[in-house]
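Residue numbers (this note's numbering), protein chains in the order written: chain A, 1 to 246; chain B, 1001 to 1485. In this text, a Cβ means the ideal position worked out from N, Cα and C, and glycines have one as well. Data block below; observations after.
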C-alpha cells in the first residue's frame, strides 16, 4: 500500500530542472519603444513610482512591482527581458537608450574568496509580506533543489556566508537585523531579495527605515522581482558567485 | 444587509450582551477619529448573514473595559489603546501588541502630523516564577524560513506552562498608508498585506469598495476560481509543513511539489505566481483563455488523486499519528469564547464559513459541503484542511461547468458612508471595513483571521512539550504580516 502510494505520487514528475531550463524562464520588464512621445500618462498610472521621464523614458527596476498596469495603458510599452540581478543599485535604472544587457556580472574575487562550492544562506525577513519567504522555501522543493548547486539554508547566522534579506526594513526589525548582521562571521555577503528590500517598494511611506535595506546593511547584490521566482534566485546566486565553474 | 445603529457608551455593554445571547459574534471593533469628539468606537457583529454596525461616540479618551467579561474583545481593546490612545478602564496592560515604541505625544493612527520623538517600550516577560520554571525567549529571527515574531515560553521541564506571542515586527503602517495614498494604488498595497492571501485580501477590498453592487457573472466565477486556487496552494503548504515538522520527509516533499505545480498554474492563468493583480473593484482585470480553463480542469483532476494517496500515506504512519493526535487541543469552549475563525474553528466543531453563511460572488449559486472535526487537535486541523482541498476542487469544477462568455468588469463609484467586505480567506474570515467621507477613505480597517487566532494559539499550547510547538504553530498556519499590517 505504502509503496503503491509513493509510486503514484512520483510517477509523473520530472524533478531537478537543469541550470539551463531554470535560466530560460526569465522575468519581463516594461520598456518604451523609440516612438514614445513622453506624454507622461504611464508615470501617473505607475503604482510603484518606478517610471519617470528624464531626457528619455526611464524606469527604476528596483521600484517596479511588475503589476503590468503600464502595458494595459500604452501600446508603446512592450515587455523585454529583465536582468535577474545587479551588483549596484544604480544599474537597475534603465531607459530607452540604455536597455538591460544579457550579461551576468560576477562578484569580485575579494568578496567570494571565502566561498568554494558550498554557500550557506541565512534568510532574514525584515517585514516582507511572506511571498518572498514562500519562494525561498520553494527553492528547496524537488523542482529547484538548490542543494545540488551547493546552496544551503542554515538555521543560525553564525554558520552563514550569505544573508538573504527580504522586506522593506521596518523600524521594529531594525535592532534584530543589526544583531543578525553582527552575529554573522566576517566576509559575509548581503543580498537584497525583492522589490521591498531593494527600494522599500510600496511601503516607502510606511513605518520603515530609509529606502530599502541598503540604508542599514551594506548590500552586495540585488535580486529583482516582486517576489523573485525561485528559479531566478537560484540562478542569480550561481551566476554571481560563479558556483558552476569553481 | 448591514443594519447601522447609534448606541451611547452607557448602553453598549448591555446591548452587546443582548446581541451575544441572540447568537451574534463580534467581527471587529475599531476606533475612528471624528471632528469634534475625540473618537467613536465602531463595532461590527455578525450572525450568519445579518450584520449590525454599531457606532458609539466617546466624549473622552477613557471608556469602561468590556474584555473583562467578553474575552473575544481583548485584542481589539489592546489595539485601540495602542493605535488610537483609547484607554479602557479596568484593563490590565499586556505590553506592546504591534509597535515596540511609543510616541511621547500622539498615536500612530492620528490624523494630525505625527511627532518625530519616540521611546522604546521593552517587551515584558511572562512573570511566572517558581522552582524549576524557566523562560525561553525565541525569535524574532527564527531557525526556519518564516516571518519574524518573538515568543516567550515558560516551561517546567519539557511541558509548556504559558506562551506569549509578541508580534509586530513586520508592522509597516498599512492602515495609515491606505488613508493617504492615491485610491488606485490601494489595491496593490492590499495585495501585499500577506503574500499567500493576496486574492482574498484584494477580494475583500473590492467588496468594501463595491458595496452592494453585483459584478458580471463571468467575473464572479473567475473570482471564485482564483480564491479556491489560493486556498488549495495555501493548504498544501500547511500539510507539507506539518509533515516536515514531524520528520516525515516523503509527504512533505510531495506536498511542496504539488504546491509548486499550482503556483505554476497560477502563473500561467493569471501571470503571477500568487495571483497578485488579478482582481480589481468591479470585476477581474483580465480574461482567462479557454486553453487555461482546460489546464485548470486537468490539474484539478490530478490533485484529487494526489491528495488521496497523500492522506493514505499519513494515515498509515503510526509515527505521524502519534505526534499529531492529542497535540495542541483547542476545545470547543475556548474556540467559542475567543471566537476562533477558519479551519481552526472548524476543527473544533464550530460550523463557521462565510462562503456558506453569507455567500458572496458566485458562491451564492454553488453547492459546497462544510468540513468539520470535533477533537480540535493537530490531526483534526489536518483533516479539515484536506477536506477543504477536496471541496475547493469541487467548487472550481462547478465554476468551470457554468463558465460562459461575458463582461469582465463594470464601473465602480465609491459611496460615502460605511461599507464592509467579508470573505473567507484560506485562514478564515477576513474583514475589510471602510469609512468614506467626501469620496476619500477616512479610515480603513483590516481584520485578518490571524489577529484572533494568535490568541487561540496561546491557549492551545499549555501542557504540550516545547518540541511540539513548531508542529502546532504550523497546523494553525498564522500570518505574521497579516496580523501586524
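Bridge pairing for residue 1042 (chain B): B:1030, B:1055 [DSSP]. Here residue 1428 (chain B) has 1341, 1342, 1449 as same chain residues with Cβ atoms under 6 Å from its own Cβ, once five neighbours each way along the sequence are excluded. For the stretch 1076 to 1101 of chain B, the beta-carbon criterion of a distance under 7 Å to any beta-carbon of chain A is satisfied by 1099, 1100.
Going by DSSP, residue 1432 (chain B) is part of the beta strand (DSSP E) stretching over 1428 to 1437. A distance below 8 Å between beta-carbons, with the five flanking residues on each side excluded, links residue 229 (chain A) to the following residues of its chain, in chain order: 25, 27, 135. Scanning the stretch 1374 to 1444 of chain B for uninterrupted alpha helix (DSSP H) segments of 4 residues or longer gives 1378 to 1402, listed from N- to C-terminal end. When B:1302, B:1286, B:1206, B:1441 are compared, the shortest CA-CA separation from residue 1412 (chain B) is found for B:1206. Under the Cβ criterion of 8 Å, residue 1141 (chain B) is counted among the residues facing chain A. Of all residues in the stretch 1151 to 1182 of chain B, only 1168, 1169, 1170, 1171, 1172, 1173, 1174, 1176, 1177, 1180, 1181, 1182 place a beta-carbon less than 9 Å from a beta-carbon of chain A. Counting along the chain, no alpha helix (DSSP H) covers residue 155 (chain A), and no H or E run does either. Interface annotation, residue 1369 (chain B): not in contact with chain A, CB-CB separation never under 8 Å. Taking the Cα of residue 88 (chain A) as reference, the smallest distance to any Cα among A:117, A:238, A:219 is reached at A:219. With a contact defined as Cβ atoms closer than 8 Å, residue 222 (chain A) and residue 62 (chain A) qualify at about 7 Å.
For residue 191 (chain A), there are no C-beta contacts with chain B under 7 Å, since the nearest C-beta of that chain is about 14 Å from it. At least one CB atom of chain B sits nearer than 8 Å to the CB of residue 205 (chain A). Among the residues facing chain B, residue 229 (chain A) is included, as its CB has a counterpart in that chain under 8 Å away.
Taking 8 Å as the upper bound on Cβ-Cβ separation, chain B lies near no residue of the stretch 103 to 114 of chain A.
Note that the stretch 1161 to 1172 of chain B touches the stretch 1084 to 1099 of chain B; at least 3 beta-carbon pairs, one per stretch, sit closer than 8 Å. Rounded to whole angstroms, the separation of the alpha carbons of residue 1388 (chain B) and residue 1380 (chain B) is 12 Å. Interface flag for residue 1192 (chain B) against chain A is set, since a Cβ pair is found closer than 8 Å.
Excluding the 5 residues flanking it on each side, residue 1484 (chain B) has same chain C-beta neighbours closer than 8 Å at 1098, 1167, 1168, 1169, 1170, 1171, 1172, in chain order. Taking the Cα of residue 1133 (chain B) as reference, the smallest distance to any Cα among B:1030, B:1161, B:1064, B:1108 is reached at B:1161. For residue 1320 (chain B) and residue 124 (chain A), the gap between their C-alpha atoms comes out near 30 Å.
At a Cβ-Cβ threshold of 8 Å, residue 241 (chain A) and residue 112 (chain A) count as neighbours. With 16 or more other CB atoms across the displayed protein chains lying within 10 angstroms of its CB, residue 1192 (chain B) is buried. Along the stretch 1183 to 1213 of chain B, the positions whose C-beta sits under 8 Å from a C-beta of chain A are 1184, 1185, 1188, 1189, 1192, 1193, 1194, 1195, 1196, 1198, read in chain order. For residue 51 (chain A), the secondary structure class from DSSP, reduced to helix, strand or coil, is strand.
If you draw a straight line from the Cα of residue 1435 (chain B) to the Cα of residue 109 (chain A), it is about 57 Å long. The alpha helix (DSSP H) runs lying completely inside the stretch 1240 to 1300 of chain B and spanning 4 residues or more are 1249 to 1270, given in chain order.
Annotation for residue 181 (chain A): the continuous alpha helix (DSSP H) segment containing it runs 174 to 183.
Contact between residue 1439 (chain B) and residue 1414 (chain B) holds: their C-beta atoms lie close to 6 Å from each other, under 8 Å. A straight line joining the alpha-carbon of residue 1135 (chain B) with that of residue 1154 (chain B) spans about 4 Å. Closest by C-alpha distance to residue 1364 (chain B), out of B:1023, B:1221, B:1287, is B:1221. Each residue's CA atom was taken as its position, placing residue 1332 (chain B) and residue 1030 (chain B) some 26 Å apart. Beta-bridge pairing by DSSP links residue 1025 (chain B) to B:1046. Taking C-alpha positions only, residue 1382 (chain B) is separated from residue 1303 (chain B) by approximately 16 Å.
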